[in-house]
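Chemist: Heads up: the sequence shown begins at 1153 in the numbering used here, then just goes up one per residue. Glycine included, C-beta positions come from ideal geometry on N, C-alpha and C. Quick caveat, the model's predicted, so the values are computed rather than measured.
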Amino acid sequence: MHLSIIFVTAVLAPLGLALPARGVSLRSEPFYKRENLCSLSQPPAICQPDPTVSVEETAQRAYDFYRAFVVDGDPRKMFSLIDSAYIQHHPGYQSGPNTIWPLFCSGNKLGSEQNTGWCFDASTNMSYAQYGNVDRWKWVDGCVHEHWDQGERVPTDKCFKLNSTTTAS
1153 MHLSIIFVTA
1163 VLAPLGLALP
1173 ARGVSLRSEP
1183 FYKRENLCSL
1193 SQPPAICQPD
1203 PTVSVEETAQ
1213 RAYDFYRAFV
1223 VDGDPRKMFS
1233 LIDSAYIQHH
1243 PGYQSGPNTI
1253 WPLFCSGNKL
1263 GSEQNTGWCF
1273 DASTNMSYAQ
1283 YGNVDRWKWV
1293 DGCVHEHWDQ
1303 GERVPTDKCF
1313 KLNSTTTAS
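(1) Comparing alpha-carbon positions, which option in Ser1264, Thr1276 and Ser1275 lies nearest tyrosine 1283?
(2) Look up isoleucine 1198 in the DSSP assignment and say whether it is helix, strand or coil.
(3) Helix, strand or coil for glutamate 1209 per DSSP?
(4) For leucine 1314, which of Ile1234, Cys1199 and Asp1216 has the nearest alpha-carbon?
(5) State the CB to CB distance for the pair glutamate 1304 and valine 1286, rounded to an integer number of angstroms; the pair is presumed to be in contact (CB under 8 Å).
(6) In this structure, how does DSSP classify lysine 1261 when only helix, strand and coil are distinguished?
(7) Where does tyrosine 1218 fall in DSSP's three states?
(8) Could you give the residue range of the beta strand (DSSP E) that holds arginine 1288?
Take a look at the structure:
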């Protein structure tokens, strides 16, 4: 009896301390996809245009959109920044956020901040994401309103500087 108490306290107790607490995940975020929302027939929420959104706030939203689209693979955040009148200039795709929802609902990431870039050009109200391709979006009233992705180039001298982020070079 005395031996079994020693065994439990000396061997098994430390193992219990090494186990994760209930509800703690051992998954590392860079190695898995975000929330898969493909069971939804449309985005859960889209952007509501607001003409009072400032240039600075639009630049921050452009950065948040880049993060959601390229780095985080976060379809919920991404579509919360696209308006209902979204115009698609990619051949073969119709306009409207519901048309592209099936492409992004699974939450796939396209890269990291170390191997991609972004830019918001306040003079044109356009944002850019560079991740092997270059996409360009027009922002209207704080929302993504139009998209192009063929032959686009990131401006080298017009990128808005946010206080806490870097821009594409």
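Modeler: Judging by the given coordinates:
(1) Looking only at Ser1264, Thr1276 and Ser1275, the smallest Cα-Cα distance to tyrosine 1283 is reached by Ser1264.
(2) Of the three classes helix, strand and coil, the one that applies to isoleucine 1198 here is coil, per DSSP.
(3) DSSP places glutamate 1209 in helix when its eight states are reduced to three.
(4) Residue nearest to leucine 1314 within the set Ile1234, Cys1199 and Asp1216 is Asp1216 (criterion: CA-CA distance).
(5) Right, the Cβ-Cβ distance comes to about 4 Å (below 8 Å), so this counts as a contact.
(6) In the three-state reduction of the DSSP assignment, lysine 1261 falls in the coil class, being assigned neither a helical nor a strand state.
(7) Residue state, collapsed to three classes: helix.
(8) For arginine 1288, the uninterrupted beta strand (DSSP E) segment begins and ends at 1286–1292.
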